[in-house]
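So the structure is just underneath, and the comments pick up after that.
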Amino acid sequence: MSTTAVPQNTALSRFTGVLGDVISRPSGALGLGLVAAHLIMALISPYLSPYDYKEMNAAMMLAGPDASHWLGTDHLGRDVFSRTIQGGREAILVTGIATPVAVFWGGMVGIFFGLIGGRVDEVLMRFVDAFLSLPWILKMLVLIVTFGTGIEVLIPTLAFFYGIPVIRIARAATHDVVARDFVSAARARGHKRLTIMRRELLPNVLDTLMVEGAMRWSWMLLAFSSLSFLGFGVSPPAPDWGLMISDARGYMSFAPWGVLGPVIALSSLIIGINLTADALAKALGIDRAQKAPV
Amino acid sequence: MTAAPIIDIQDISIGFTGLSGSTLPVLRNIDLSVRPGESVGLVGESGSGKSTLALAAMGYLKRGLRVLNGSSHFNGDDMFSQSRKSLEHIRGGKLGLVPQNSGQSLTPTLRIGAQLTEALRLHSKLDQAQYRARVLELLGQVRLPDPEAIYARFPHELSGGQQQRVAIAMALAGEPDALLLDEPTTGLDVTTQAHILELLRDLAAETGMAMVYVSHDLGAIARVCDRVVVMYAGEVVLESTAKQVLTAPTHPYARGLLASIPKLSDPHLPTALDGRPPAPGKAGAGCAFVDRCGIASGLCRSSRPPLAAGPGGAMSRCHHAEQANQLPMTSTGADPERSDPNAPAALALDKVSISYAKQGLIEKLLGKEDTRPVTVDGISVAMKRGETLGLVGESGSGKSTILKSIAGLLPPAGGEITFGDGGHLPQEVERRSNDHLRRIQLIFQNPDDSMNPRHTIAEILEQPLKLYFGLKGQALHDRSAELLERVRLGAHYMTRLPSQLSGGEKQRVAVARAFAAEPELVLCDEVTSALDVSVQAAVLDLLNELKQEQGTTYVFVSHDLAVVRALSDRVAVLYQGRLCEIGPSEDVYALPSHPYTEVLLGAVLEPDPDYAPKLTADDVIELAPPAQGCPFQRRCPRKLGAICDTDSPPWQQQPNGHAVRCHISLEELNRLQVDEARSDETPKETLSA
Amino acid sequence: MLRMFIRRLFLGLITVALVSLIIFAGVEFLPGDACTAFLEREAQGKILENCREELGLNRPAAERYLEWAANALQGNLGMSANGEDSIGSLVGARLGNSLLLAACALLTGVPLAIVLGVIAGLWRDRPADLIVSTAAIFAMTIPEFVSATVLILLFSVWLGWLPGIVLTSADAPVAEFFPEIILPVIVLSMVMTAHILRMVRSSVIEVMNGDYIQMATLKGVPYWQMVFRHALPNALLPAINVVALTIAWLLGGVVVIEVVFNYPGLGRMMIDAISDRDLPVVQALALIVATVYVFVNLTADMLTMIANPRLRTLYTRK
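Chains as they are written, first to last, in our numbering: chain A, 646 to 939; chain B, 183 to 871; chain C, 341 to 658.
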């Protein structure tokens, strides 16, 4: 390191640095590319669709792929290609809003209790443990069955349930930071708790939260499409990958094109997110594999 | 000595590929040969390549490193072209290694017995049935008490010193011809270190094995080595007999290094060696030391000096080896600033006790008496403005705990801390006024840990300025820049992150951050322990200067008695969280003193081949102080008897403020310590002859 | 040690008690109750009143919670909403079936995960690692219903090797579930294997970089002896807890898999109960699943504590 060069250490330089690192890894470039492609597709797909996704055609039920229907038609004669390229819009919208909300509230609560520690913290963790001991699908289903499946229900529900495990992650990360001398130094200088949270803890927990956010996103998508698949998510005739797979499964033996489109679309998005999360974790020096999927 | 060298390293260069793709050498053209029975010291500061060199002798490279040229032979075998099988045979067999930090080098899931047995199975021809007996014998040979018990223990159940002994026993299992020791005593308490070194000396004499002793500590090297090789920036810069290197070195770096070491015998501040060694690949065409050298000439910039025989037969890599003699090698540092005895009160601790345990909620509600075990107990000290109080003791003595309590991070369980002229000081940091907070500042041991890695240097310095003085905008910026200049760092450091600074630079920033508050009392917690000696001297110097200017009061905590001596007006000695002795430093460091102080002083090593430590007590690590009586009762070499076990010893006050807490009277201590030392001298001479 | 065990057990019990409270409160907070579900459209006025009177739903919530909890403690999970079947009898065989599925998945998945994880860790960044790690990302991230669909398409529809759906009835003997159980087991163990193997891999890498591995090498310990004696015991210790957490996570996935394959286990029962708004059954199932989760984790903690000498002394001293 030369003593004359003045390094730039702004938030922007750090962001571009990390982004560059992610892209420089083959898995990161592929992952980010997949995610970007899906996001763009979600925005412009209504204009690209050759057919209306709900337009039925009794004459063309379960037709195989050809020039007019690139991925064939489903059991109601709807164009599978048009439905596939629009099938992620609601999923991406719902999880795209719910993920940051979940990571934000879970992160804040986790950092706060991690800093406070002591008995309050232990009591809270009992509650978090208790919540986590119930399978996600049960918690989600009970609320959805009661309140319906609109996005006004799904977003807060997902944001709430997926924020709870974030509390645990943020708290553990905070505990690691709180034990370090610079937090003691800030306390000894007499900074307020909120200042310490914002200035000392947050910047150091942020990396973990970012990686966590990427992972939460993929799990939320998984949950969202699983719910649709089980018939508790998006209501027909809206296109949704989970729903499409569920519908087409019955005709799989003679019309496999019905499942292949949504299977590839959904898998590529989730894999893209995970590859990005992996590359991000490596770029930030966080070991992602050590974390259990809770 | 004409025997062929057992370790023979020729012209070796080792390097790695940098981010830019170029090859960066960490070792450059090194020759090292060690003959049977010889003990050679490899000295250098961090990054000098000494450990890499030692591992190269075993044919081992850390991940990412590769041999650029040269060879490494052991007993005539080329270590970098051996088959895996034959390497396995040599390593741990005829060539043993004692690693740095044995605690992490012993496999945590295997019992000590199993690990030693494994070494025997691999490297000895004993019968299965004899293994156990031999392991116990080895454990006894490294003077571990109760080998049977140690045999059945796991590594984490041993103290640092015991782990180090086990590592030595493991190396001895292969009956080695040569033993490599990689910083074997770094991180151990002084008494433990001295004991391990004595053990190594004895083992070398008993077994006749050759030793390569790698260390940054010239004191340790002085104790065990016949010959010393000084390394700097991946090169050998000086090689000669231990005596010559330590008393009349012919290389400017070696002289500077010696001058920067604080010594017990010298109450001055050590001389700082400014600058830092070039990073791998950054050494130019000339001498690697040129930027820090006092006698550098134009020649030194343009051509790299060869390692050549110079005055007295030493091999020195210096163009001006003859002139090097003129450079000072004892400390020429300033006298530490002494305090005014009539200054107003700065800080007083009154019967302070501190506990890490939390009082149970139920007990608190019931108003029960506080029965928590206390880590620190009965500390009463009063300090005057501008005074420096040194707190010394081994690890676990509670010295850092006391600082935390004064800073309000760990409120005392009992007693009271008063600040300044008797004004009430709330014990918890959250209740202190902004003014109190500003006037007391704390500097931590490890700057890597005490500075937020996400903040730039400017942000780090601005925090106290904003908090205490409400500075904003240009004023804030100017003041930060001024502070950086004050600690001899330029304003161009402002935009850097801590990770972009060297250890010494980081600690300067930490000092600047503390002084940004314009404090009256600065608490220094082992502030130089994480630094190299040459850097340490510069930080000590800086602290002394700031004190001169601002009349700051320091509480200076360190495990290094020489460092404390260099800076302190008064010294307090702690054992197991209890005070043993306190007084003006010259009195504490002179006899008579508390038996524990005597033990500590006896164990200190000096960079002098003729200096022998006096080991009077065992290096046992106690986990908790005894329930009653004198805290030092179990290890005291001068224990009187039952009274030490049952009665708390009285403070014996001297008129000059020197006080010793012991059942033995000062006159008696004087007789025992001074007279004994005198009568000791004669038999010691005959023994070594 | 024993004290620690009792302490952990106690904390586990507290968690279960909290769960029961959350479940009960959750169901309470939802609109509708057993009577509205049972009576459906007729649920109004007098009829509803009578029904509530009959089932004791008019009593204070705290009283009903205590009664429910006390009964559950004695193994009496109550009656389903249709008022005909005892929940205990409904759960019995299905719990066994779900456990069978989980056990098969664990027995194939865990050993496989350890072997692959160790291989990937030891040959880090080599082809073997790249293949295993990439496959793991795929296996880990693709939703169960997607991989199930693809596997059914492949092995059942196209190749015709394995049955793609379970037709055996819930109370059939274990043997009759073969070979129908094979595909569900594969899908379930795929996700689990991927999670555990990634964790084992990074743990092996971390341990292999440790000082004691370098020391073992420099002590002349042969490579494989070093791997098996020095590295693996330390690398695999943390795997115990991950296995436990993975099991817990799988409980959610099991539900989907059971539906996809028509497997007669607790998961499908849960979906049916939720669709029917059979709240007593939902409550009971939630409690069972949560209890399993808590005690699997407790067991893992205990095993780690017993197997790790460091933790062992830490807790015996205290």
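The beta carbon of each residue, even a glycine, is placed where N, CA and C say it ideally should be. Since this is a predicted model, take the numbers as computed values, not measurements.
- So, Ala833 of chain A versus Leu591 of chain B, is the Cβ gap smaller than 8 Å? The residue labelled residue 833 of chain A in the question sits at position 188 within the first sequence. The residue labelled residue 591 of chain B in the question sits at position 409 within the second sequence. Their beta carbons are under 8 Å apart, which means Ala833 of chain A touches Leu591 of chain B by this criterion.
- Query: If Leu224 of chain B and Val396 of chain B are in contact, beta carbons under 8 Å, what's the gap, nearest whole angstrom?
  - Reply: The residue given as residue 224 of chain B occupies position 42 in the second sequence. The residue given as residue 396 of chain B occupies position 214 in the second sequence. Correct: roughly 5 Å between the Cβ atoms.
- How is Ala482 of chain C classed by DSSP in three states: helix, strand or coil? In the third sequence, the residue the question calls residue 482 of chain C occupies position 142. Before going on, a small fix: residue 482 of chain C reads as Ile here, not Ala. DSSP, reduced to helix, strand and coil, places Ile482 of chain C outside both helices and strands of the structure shown, so it counts as coil.
- Interface residues of chain A around Phe626 of chain B at Cβ under 8 Å? The count along the second sequence starts at 1 and reaches residue 626 of chain B at position 444. Simply Asp826, Ser829, Ala830.
- Relative to the C-alpha of Leu966 of chain A, which residue among A:Ile685, A:Ala831, A:Val908, A:Pro882 is closest? Outside the shown range of chain A, which is 646 to 939, sits residue 966 of chain A, and nothing can be said about it.
- For chain C, find out if any of its Cβ atoms is closer than 8 Å to the Cβ of Thr718 of chain A; answer yes or no. Within the first sequence, residue 718 of chain A is the residue found at index 73, counting from 1. Cβ-Cβ to chain C under 8 Å: no for Thr718 of chain A.
- Message: Rounding to the nearest angstrom, what Cα-Cα distance links Thr649 of chain A and Thr655 of chain A in this structure?
- Response: In the first sequence, counting from the first residue as 1, residue 649 of chain A sits at position 4. In the first sequence, counting from the first residue as 1, residue 655 of chain A sits at position 10. Confidence at Thr649 of chain A is low in this model, with a pLDDT of 42, below 50, so its placement is unreliable and the value that follows should be read with caution. Their Cα atoms are separated by approximately 18 Å.
- Locate the beta strand (DSSP E) running through Ile622 of chain B, then write down its first and last residues. Counted from its first residue, the second sequence places residue 622 of chain B at position 440. In the DSSP assignment, Ile622 of chain B falls within the unbroken beta strand (DSSP E) covering 622-625.
- DSSP state of Asn251 of chain B, grouped into three classes? As a working mapping, residue 251 of chain B is identified with position 69 in the second sequence. Secondary structure of Asn251 of chain B (DSSP, three-state): strand.
- Could you check what DSSP says for Val210 of chain B in three-state terms: helix, strand or coil? Translated into the one-based positions of the second sequence, residue 210 of chain B becomes position 28. Here residue 210 of chain B is Arg; the residue named in the question, Val, does not match the sequence. In the structure shown, Arg210 of chain B sits in a strand (DSSP, three-state: E or B).
- Would you say Val611 of chain B and Ala595 of chain B are within 8 Å of each other, going by their C-beta atoms? Taking the second sequence and counting its residues from 1, one reaches residue 611 of chain B at position 429. Taking the second sequence and counting its residues from 1, one reaches residue 595 of chain B at position 413. Going by C-beta atoms, Val611 of chain B is not nearer than 8 Å to Ala595 of chain B.
- Counting pairs of beta carbons, one from the region 808-817 of chain B and one from the region 728-747 of chain B, are three or more of them closer than 8 Å? No, the region 808-817 of chain B does not touch the region 728-747 of chain B.
- Query: Going by the CB atoms, is the gap between Gly295 of chain B and Tyr333 of chain B shorter than 8 Å?
  - Reply: On the second sequence, position 151 is the one that residue 333 of chain B refers to. On the second sequence, position 113 is the one that residue 295 of chain B refers to. Against a cut-off of 8 Å, the Cβ pair of Gly295 of chain B and Tyr333 of chain B comes out as a contact.
- Task: Write down the C-beta distance between Ile188 of chain B and Gly252 of chain B rounded to the nearest angstrom, noting that I regard them as a contact closer than 8 Å.
- Result: The count along the second sequence starts at 1 and reaches residue 188 of chain B at position 6. The count along the second sequence starts at 1 and reaches residue 252 of chain B at position 70. Going by Cβ atoms, the distance from Ile188 of chain B to Gly252 of chain B rounds to 18 Å, so no, they are not a contact pair.
- Message: For Arg916 of chain A and Thr481 of chain C, which I take to be in contact (beta-carbon distance under 8 Å), what is that distance rounded to the nearest angstrom?
- Response: Here residue 916 of chain A is taken as the residue at index 271 of the first sequence, counted from 1. Here residue 481 of chain C is taken as the residue at index 141 of the third sequence, counted from 1. Note that residue 916 of chain A is Ile in the sequence shown here, rather than Arg. So it is a contact: roughly 5 Å between Cβ atoms.
- Within-8 Å CB hit, Pro780 of chain A to chain C: Position 135 of the first sequence, counting from 1, holds the residue named residue 780 of chain A. The Cβ of Pro780 of chain A sits closer than 8 Å to at least one Cβ of chain C.
- Message: With the cut-off set at 8 Å, would you say Ala530 of chain B and Arg567 of chain B are in Cβ contact?
- Response: Taking the second sequence and counting its residues from 1, the one referred to as residue 530 of chain B is at position 348. Taking the second sequence and counting its residues from 1, the one referred to as residue 567 of chain B is at position 385. No, Cβ-Cβ distance for Ala530 of chain B and Arg567 of chain B is not below 8 Å.
- Task: Tell me whether the beta-carbon of Ser694 of chain A lies closer than 8 Å to the beta-carbon of Ile742 of chain A.
- Result: Here residue 694 of chain A refers to the residue found at position 49 when the first sequence is read from its first residue. Here residue 742 of chain A refers to the residue found at position 97 when the first sequence is read from its first residue. No. Outside cutoff.
- So which residues on chain B does Thr653 of chain C lean against when the C-beta distance must stay under 8 Å? Along the third sequence, read from residue 1 onward, the residue named residue 653 of chain C stands at position 313. Within 8 Å Cβ-Cβ: Phe336, His338, Glu339.
- Please name the residue in B:Val410, B:Gly219, B:Thr199 whose C-alpha comes closest to that of Pro789 of chain B. The residue given as residue 789 of chain B occupies position 607 in the second sequence. Here the closest residue by C-alpha is B:Val410.
- Query: Excluding five sequence neighbours on each side, which residues of the same chain lie with their C-beta closer than 8 Å to the C-beta of Phe869 of chain A?
  - Reply: By 1-based counting over the first sequence, the position of residue 869 of chain A is 224. The answer, listed in chain order, is Ala736, Val739, Thr740, Leu799, Leu803, Gly878, Gly887.
- Excluding sequence positions up to five away, which residues of its chain have a Cβ less than 6 Å from the Cβ of Leu385 of chain B? Counting from one through the second sequence, the residue named residue 385 of chain B turns up at place 203. Within the same chain, no Cβ atom closer than 6 Å to the Cβ of Leu385 of chain B is found once the five residues on either side in sequence are excluded.
- Query: For the alpha helix (DSSP H) that contains Pro451 of chain C, what are its first and last residues?
  - Reply: Your numbering for residue 451 of chain C matches position 111 in the third sequence. Pro451 of chain C -> alpha helix (DSSP H) spans 427-462.
- On the three-state DSSP scale, how would you describe Thr205 of chain B? As a position in the second sequence, residue 205 of chain B is number 23, starting the count at 1. Correct three-state label for Thr205 of chain B: strand.
- Item | the region 558-573 of chain C touching the region 478-498 of chain C, judged by at least three CB pairs closer than 8 Å | Not touching, per the Cβ criterion.
- Item | Per DSSP, the bridge partner or partners of Pro766 of chain B | Looking up residue 766 of chain B in the second sequence gives position 584. BP columns for Pro766 of chain B point to B:Arg752.
- Task: Kindly indicate which three-state DSSP category Ser397 of chain B falls into: helix, strand or coil?
- Result: As a working mapping, residue 397 of chain B is identified with position 215 in the second sequence. If DSSP states are grouped into helix, strand and coil, Ser397 of chain B belongs with the strands.
- Reducing DSSP to helix, strand and coil, say where Glu330 of chain B ends up. Numbered from its first residue, the second sequence carries residue 330 of chain B at position 148. The three-state secondary structure of Glu330 of chain B, taken from DSSP, is helix.
- Query: Can you give the beta carbon distance from Phe757 of chain A to Trp781 of chain A, rounded, assuming they're within the 8 Å contact cut?
  - Reply: To locate residue 757 of chain A, count along the first sequence from 1; it is residue 112. To locate residue 781 of chain A, count along the first sequence from 1; it is residue 136. That belief does not hold up - the Cβ atoms of Phe757 of chain A and Trp781 of chain A are roughly 24 Å apart, past 8 Å.
- Item | Euclidean distance between Cα positions of Thr299 of chain B and Ser306 of chain B | Your numbering for residue 299 of chain B matches position 117 in the second sequence. Your numbering for residue 306 of chain B matches position 124 in the second sequence. The straight-line gap from Cα to Cα measures roughly 10 Å.
- Presumed contact (8 Å Cβ cut-off) between Ala699 of chain B and Arg620 of chain B, rounded CB distance: For the purposes of this step, residue 699 of chain B is taken as the residue at position 517 of the second sequence. For the purposes of this step, residue 620 of chain B is taken as the residue at position 438 of the second sequence. Yes, they are in contact, since the Cβ atoms of Ala699 of chain B and Arg620 of chain B sit about 5 Å apart, within 8 Å.
- Query: What is the DSSP secondary structure of Tyr771 of chain B, counted as helix, strand or coil?
  - Reply: Taking the first residue of the second sequence as 1, we reach residue 771 of chain B at position 589. Tyr771 of chain B falls in the coil class under three-state DSSP.
- Could you name the residues of the region 594-615 of chain C whose beta carbon sits closer than 9 Å to any beta carbon of chain A, in the order they occur along the chain? Listed by position, the residues of the region 594-615 of chain C near chain A (Cβ gap below 9 Å) are Val594, Val595, Val596, Val599, Val600, Gly607, Met610, Ile611, Ile614, Ser615.
- Chain-order list of residues whose beta-carbon lies under 6 Å from that of Gly550 of chain C (same chain, five-residue window excluded): Working through the third sequence from its first residue, we reach residue 550 of chain C at position 210. So no residue of the chain qualifies.
- Name, going along the chain, the residues of the region 220-249 of chain B whose beta-carbon falls closer than 7 Å to a beta-carbon of chain C. Flagged, chain order: Met240, Tyr242.
- Item | Minimum Cβ-Cβ distance from Ala630 of chain C to chain A less than 8 Å | Position 290 of the third sequence, counted from the first residue, corresponds to residue 630 of chain C. A Cβ of chain A is located within less than 8 Å of the beta carbon of Ala630 of chain C.
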